[in-house]
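Peer 1: First, the structure itself, so that you have it in front of you.
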Amino acid sequence: MSHFTRVRTALRDPELLVTALASLGFTAVERHDDPQTLYGYRGDARPERAQVIIRRRHVGRLSNDIGFRRGDDGTFEAVISDYDRSRYDRAWLTKLARAYGHAAALRYAADNGYEIDSDTLEKSGERRLVLRRYT
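Residue numbers (this note's numbering): 110 to 244.
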């Protein structure tokens, strides 16, 4: 039975979090208003709970659920088992944060009448987004 570790993030918006996870290849993500039970690799219910969940069958062979639980300050903390932390580590959380920022920028652009002029991914992993608005 794996121990689950909680990792604080700066992510606040569940919709943007789900969009960011989808951009990293997780298209089957659950979103709940109330925290739901996470399950271990054997299908055993764990005491950990989360509002945004990637179920173990979508994480990888012999994996546990990965969850994101909203903290008292409104940010989500990642709830990842020690076993899965070998694959979903700080580097992965950094990619997730970048994808979240990109999703937030695209939402801002759409909400404020901007058009995307270009959207490129640099070799460094950073994204360059150029927006235009015609008045």
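Even for Gly, the Cβ is constructed at its ideal location relative to N, Cα and C. Model, not experiment: these values are computed from the prediction.
1) Kindly indicate the opening and closing residues of the beta strand (DSSP E) around Ala159.
2) Check whether the Cβ atoms of Ala241 and Asp226 sit closer than 8 angstroms, and answer yes or no.
3) What do you get for Leu230, buried or exposed, if any count of 16 or more other CB atoms within 10 angstroms of its CB means buried?
4) Let me know the beta strand (DSSP E) ranges lying completely inside the region 160 to 210, each 3 residues or longer, listed in chain order.
5) Under three-state DSSP, which class holds Ser227?
6) Given a cut-off of 8 angstroms, decide if Leu133 and Ala208 are closer than it, judged by their beta-carbon atoms.
7) Can you give me the Cβ contacts of Leu205 inside the same chain, cut-off strictly under 6 angstroms, excluding the 5 residues immediately before and after it?
8) Taking the CB atoms as reference points, tell me whether Arg140 and Val161 lie closer together than 8 angstroms.
9) How many angstroms separate the CA atom of Ser233 from the CA atom of Trp201?
10) DSSP three-state call for Asp142: helix, strand or coil?
11) Following the continuous alpha helix (DSSP H) through Leu125, name the residue where it begins and the one where it ends.
Peer 2: By the coordinates alone:
1) Run containing Ala159: Ala154 to Ile163, per the beta strand (DSSP E) assignment.
2) As written in the sequence, residue 241 is Arg, which differs from the Ala given in the question. In this structure, Arg241 sits near Asp226, with a CB-CB distance shorter than 8 angstroms.
3) The residue is exposed, with fewer than 16 neighbouring Cβ atoms inside 10 Å.
4) Counting whole runs of 3 or more residues, the region 160 to 210 contains the beta strand (DSSP E) stretches 175 to 179 and 185 to 190.
5) Assignment of Ser227 by DSSP, reduced to helix, strand and coil, places it in the strand class.
6) Less than 8 angstroms divides the Cβ of Ala208 from the Cβ of Leu133.
7) When the five nearest sequence neighbours on each side are left out, the beta carbons in the same chain lying within less than 6 angstroms of the beta carbon of Leu205 are those of Ala129, in order along the chain.
8) Result yes, Cβ atoms of Arg140 and Val161 sit closer than 8 angstroms.
9) Answer to the nearest angstrom: the Cα atoms are 15 angstroms apart.
10) Asp142 falls in the strand class under three-state DSSP.
11) Leu125 -> alpha helix (DSSP H) spans Pro123 to Ser132.
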